[in-house]
Amino acid sequence: MNDFILWCYKAPLLEWFRNSKYAIPVLQSFHIMGLTAVLGVVCILSIRLIGIGFLKISLGTLWRELSRWFVPALCLTISAGVMIAITDPTRYLANTPFRIKMACLATAILFHFTIFRYIVRNAPDVEVPRTTAGHAMLGCASLLIWFSVGWGGRLIAFFN
Amino acid sequence: MLELCQWLQNTTLATSIRQSTLAFPIIEGSHVLALSISVGIVMFLDLRLLRMAFVTIPVSRVMKQVGPWMIGGMSIMMLTGFLLFFAQAKNAYTNDFFRVKMLLLFLGAINALYYQVKYFPRMADWDLSDKVPTGVKVIAALSLIFWFGVIICGRTMAYEI
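Read top to bottom, the protein sequences are chains A and B.
Residue 15 in numbering that gives the first Met the number 0 sits at position 16 of the first sequence, with consecutive numbering throughout.
Residue 147 in numbering that gives the first Met the number 0 sits at position 148 of the second sequence, with consecutive numbering throughout.
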């Protein structure tokens with residue numbers, strides 16, 4: 000691990016990223032574009048589960064259509080995030096909000112592809128929704144965990 | 000205009016926002032994360048118009064479902080954006096990336112207005128069909144390009160300010 004961290008500070012490509020005026024902002028822009036799509040999917044599905052919107056589209060259709068965009072968007076967000084982090088790994092590894100963010104991210108991904116996916120795919124696929132308390136709680140939990148990742152990211156700079 | 004921005008930046012409220020430990024990060028964090036409710040939801044309407052998502056659902060239904068959230072999300076963006084501008088008005092006004100961001104927002108609004116005027120009245124003609132007019136596809140593609148341009152400029156301006 001230490002060898003890898005040392006390499007991060009020596010590699011010419013990463014040195015270029017660190018010294019370039021616009022490389023980090025552009026990487027961050029791709030990170031934000033990706034998270035916009037990821038959180039957009041999370042918002043639509045959660046809003047639908049809570050029963051306050053997107054009621055005229057069935058849950059099955061929403062899940063199917065949005066999942067096709069969710070995974071590529073998540074890959075984009077994580078790739079850009081990794082690129083940003085490896086330009087200065089010591090800083091990020093020592094940063095408490097970053098560590099909390101990573102813990103929340105791991106939890107969110109696990110949650111989304113297990114419990115969330117299972118319940119959404121097994122929900123009655125009817126266009127007239129019957130929101131249950133369980134679905135509403137699932138939607139709220141999803142919003143909470145994913146936006147914790149987002150706010151964790153914002154607090155990184157705050158605790159520098 | 001520059002003097003007005005300098006005056007705005009010097010007001011007590013603007014200074015307290017700018018120098019606060021909590022207020023500025025909360026407003027800025029809300030601005031970025033509200034992108035998910037505004038752009039994050041609207042992008043799926045644009046993708047529907049490009050026939051890249053929700054192709055089995057009529058455009059009018061997608062539009063109706065997305066509408067209230069688009070208005071709500073954009074309202075949050077405008078409110079938080081205005082507060083951020085207010086806190087650093089002169090610095091923002093003289094920042095090239097901020098100016099390009101505002102231009103892209105303006106072009107995006109014109110783009111949306113053009114759709115409302117030219118294509119929305121006859122939407123019933125193609126709402127349920129497999130074909131979307133080419134002009135509508137161009138508008139949807141431009142919408143996505145403008146929004147991603149806004150995001151890039153928004154992030155880069157923070158490094159120049």
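For glycine and all other residues, C-beta sits at the position ideal for the given N, C-alpha and C.
For this session: Count the CB pairs spanning the region 73-90 of chain A and the region 30-47 of chain A that are closer than 8 Å, and state whether there are at least three.
Result: yes
Exercise. For the region 128-151 of chain B, which residues have a beta carbon sitting closer than 7 Å to at least one beta carbon of chain A?
Worked result: Phe147, Ile150 and Ile151
Problem set entry | Neighbour flag for A:Phe157 against chain E, beta carbons, 8 Å | Looking at the structure shown, chain E is missing, and the protein chains on hand are A and B.
For this session: Measuring only between beta-carbons, confirm whether A:Leu38 sits less than 8 Å from chain B.
Result: Locating residue 38 of chain A in the first sequence gives position 39, where the first residue counts as 1. So, interface residue.
Exercise. On the three-state DSSP scale, how would you describe B:Asp129?
Worked result: Along the second sequence, read from residue 1 onward, the residue named residue 129 of chain B stands at position 130. Three-state DSSP puts B:Asp129 in coil, outside helix and strand.
Exercise. Of all the beta strand (DSSP E) runs that stay within the bounds of the region 57-122 of chain B, which reach a length of 3 or more residues?
Worked result: none
For this session: With a 10 Å radius around its C-beta and 16 neighbouring C-beta atoms as the bar for buried, classify B:Ser74 as buried or exposed.
Result: On the second sequence, position 75 is the one that residue 74 of chain B refers to. With fewer than 16 other Cβ atoms within 10 Å, it is exposed.
Exercise. Is the Cβ-Cβ distance between B:Lys136 and B:Leu48 less than 8 Å?
Worked result: By 1-based counting over the second sequence, the position of residue 136 of chain B is 137. By 1-based counting over the second sequence, the position of residue 48 of chain B is 49. A contact, by the Cβ cut-off of 8 Å.
Exercise. When you compare only the Cα positions, how much space is there between A:Phe53 and A:Arg47?
Worked result: Position 54 of the first sequence, counting from 1, holds the residue named residue 53 of chain A. Position 48 of the first sequence, counting from 1, holds the residue named residue 47 of chain A. A:Phe53 and A:Arg47: Cα-Cα distance of roughly 5 Å.
Exercise. Grouping DSSP H, G and I as helix and E and B as strand, with all else coil, what is A:Ile56?
Worked result: The residue you call residue 56 of chain A lines up with position 57 of the first sequence. A:Ile56 falls in the coil class under three-state DSSP.
Problem set entry | Interfacial residues, the region 46-70 of chain A to chain B, with Cβ spacing under 9 Å | Ile46, Gly52, Phe53, Leu54, Lys55, Ile56, Thr60, Leu61, Glu64, Leu65, Arg67 and Trp68
For this session: Determine whether the Cβ of A:Thr35 lies closer than 8 Å to any Cβ atom of chain B.
Result: For the purposes of this step, residue 35 of chain A is taken as the residue at position 36 of the first sequence. For A:Thr35, the answer is yes, since a Cβ of chain B falls inside 8 Å of its Cβ.
Problem set entry | Terminal residues of the alpha helix (DSSP H) in which A:Pro11 lies | Translated into the one-based positions of the first sequence, residue 11 of chain A becomes position 12. Pro11 to Asn18 is the extent of the alpha helix (DSSP H) around A:Pro11.
For this session: Run the CB neighbour count on A:Arg67, radius 10 Å, all protein chains shown included, and call it buried at 16 or more, exposed below.
Result: If you number the first sequence from 1, residue 67 of chain A lands on position 68. By the neighbour-count rule (16 or more Cβ atoms within 10 Å), A:Arg67 is not buried but exposed.
Exercise. Under a CB-based cut-off of 8 Å, is A:Trp165 close to chain B?
Worked result: Residue 165 of chain A is absent from the structure shown; chain A starts at 0 and stops at 159.
Exercise. In the structure shown, what three-state DSSP assignment does B:Val52 receive?
Worked result: Your numbering for residue 52 of chain B matches position 53 in the second sequence. The displayed chain sequence assigns Ala, not Val, to residue 52 of chain B. B:Ala52: coil per DSSP, three-state reduction.
Problem set entry | Contact set for A:Gly152: own chain, Cβ-Cβ below 7 Å, skip 5 residues either direction | By 1-based counting over the first sequence, the position of residue 152 of chain A is 153. For A:Gly152, where only same-chain residues beyond five positions count, the Cβ hits under 7 Å are Lys100.
Exercise. What does a CB cutoff of less than 7 Å around B:Ala52 pick up in its chain, not counting 5 residues either side in sequence?
Worked result: Along the second sequence, read from residue 1 onward, the residue named residue 52 of chain B stands at position 53. Phe43 and Leu46.
Problem set entry | Nearest neighbour of A:Phe141, chosen from A:Ala156, A:Pro123 and A:Leu109 [CA to CA] | Numbered from 1 along the first sequence, position 142 holds the residue referred to as residue 141 of chain A. The question names Phe, but residue 141 of chain A in the sequence shown is Ser. Comparing Cα positions, the closest option is A:Leu109.
Exercise. Should B:Val58 be flagged as near chain A, meaning a C-beta pair shorter than 8 Å?
Worked result: Locating residue 58 of chain B in the second sequence gives position 59, where the first residue counts as 1. So no, B:Val58 is outside the interface.
Exercise. By how many angstroms is the C-alpha of B:Met76 removed from the C-alpha of B:Met33?
Worked result: On the second sequence, residue 33 of chain B is found 34 positions in, with the first residue counted as 1. On the second sequence, residue 76 of chain B is found 77 positions in, with the first residue counted as 1. It should be pointed out that residue 33 of chain B corresponds to Ala in this sequence rather than to Met. Spanning the two alpha carbons is a distance of roughly 6 Å.
Exercise. In terms of residues, what are the limits of the alpha helix (DSSP H) holding B:His30?
Worked result: Start at 1 with the first residue of the second sequence, and residue 30 of chain B comes out as number 31. Per DSSP, B:His30 belongs to the alpha helix (DSSP H) from Ala22 to Leu32.
Exercise. Between B:Ser142 and A:Ala10, what straight-line distance do the alpha-carbon atoms span, to the nearest angstrom?
Worked result: Working through the second sequence from its first residue, we reach residue 142 of chain B at position 143. Working through the first sequence from its first residue, we reach residue 10 of chain A at position 11. Each residue's alpha carbon lies about 38 Å from the other.
Exercise. For A:Tyr117, is the classification buried or exposed, using 16 other Cβ atoms within 10 angstroms of its Cβ as the cut-off for buried?
Worked result: On the first sequence, residue 117 of chain A is found 118 positions in, with the first residue counted as 1. Label assigned to A:Tyr117: exposed.
For this session: Establish whether the CB of A:Phe146 and some CB of chain B are separated by less than 8 Å.
Result: Taking the first sequence and counting its residues from 1, one reaches residue 146 of chain A at position 147. At least one chain B Cβ lies under 8 Å of A:Phe146.
For this session: Give the interface partners of B:Arg154 over in chain A, defined as CB-CB distance under 7 Å, in chain order.
Result: Locating residue 154 of chain B in the second sequence gives position 155, counting from the first residue. Those within 7 Å of B:Arg154 in chain A are Pro24, Gln27, Ser28 and Ile31.
For this session: Flag this pair as yes or no: are the beta carbons of A:Cys42 and B:Gly39 separated by less than 8 Å?
Result: Reading the first sequence from its first residue, position 43 is the one you call residue 42 of chain A. Reading the second sequence from its first residue, position 40 is the one you call residue 39 of chain B. For A:Cys42 and B:Gly39, yes; Cβs fall inside 8 Å.
Problem set entry | Presumed contact (8 Å Cβ cut-off) between A:Ile56 and B:Gln64, rounded CB distance | By 1-based counting over the first sequence, the position of residue 56 of chain A is 57. By 1-based counting over the second sequence, the position of residue 64 of chain B is 65. 6 Å between Cβ atoms; contact.
For this session: Output the distance between the C-alpha atoms of A:Val70 and A:Lys20, rounded to the nearest integer angstrom.
Result: Along the first sequence, one-based indexing puts residue 70 of chain A at 71. Along the first sequence, one-based indexing puts residue 20 of chain A at 21. Cα to Cα, the separation comes out at about 30 Å.
Exercise. Are the Cβ atoms of A:Ile144 and A:Ile83 separated by less than 8 Å?
Worked result: On the first sequence, residue 144 of chain A is found 145 positions in, with the first residue counted as 1. On the first sequence, residue 83 of chain A is found 84 positions in, with the first residue counted as 1. Cβ distance not < 8 Å, so A:Ile144 and A:Ile83 don't count as in contact.
Problem set entry | Close-in-space but distant-in-sequence residues of the same chain around A:Val37 (CB under 7 Å, 5 per side omitted) | For the purposes of this step, residue 37 of chain A is taken as the residue at position 38 of the first sequence. Closer than 7 Å at the Cβ level, and outside the excluded window around A:Val37, lie Phe69, Ala72, Leu73 and Thr76.
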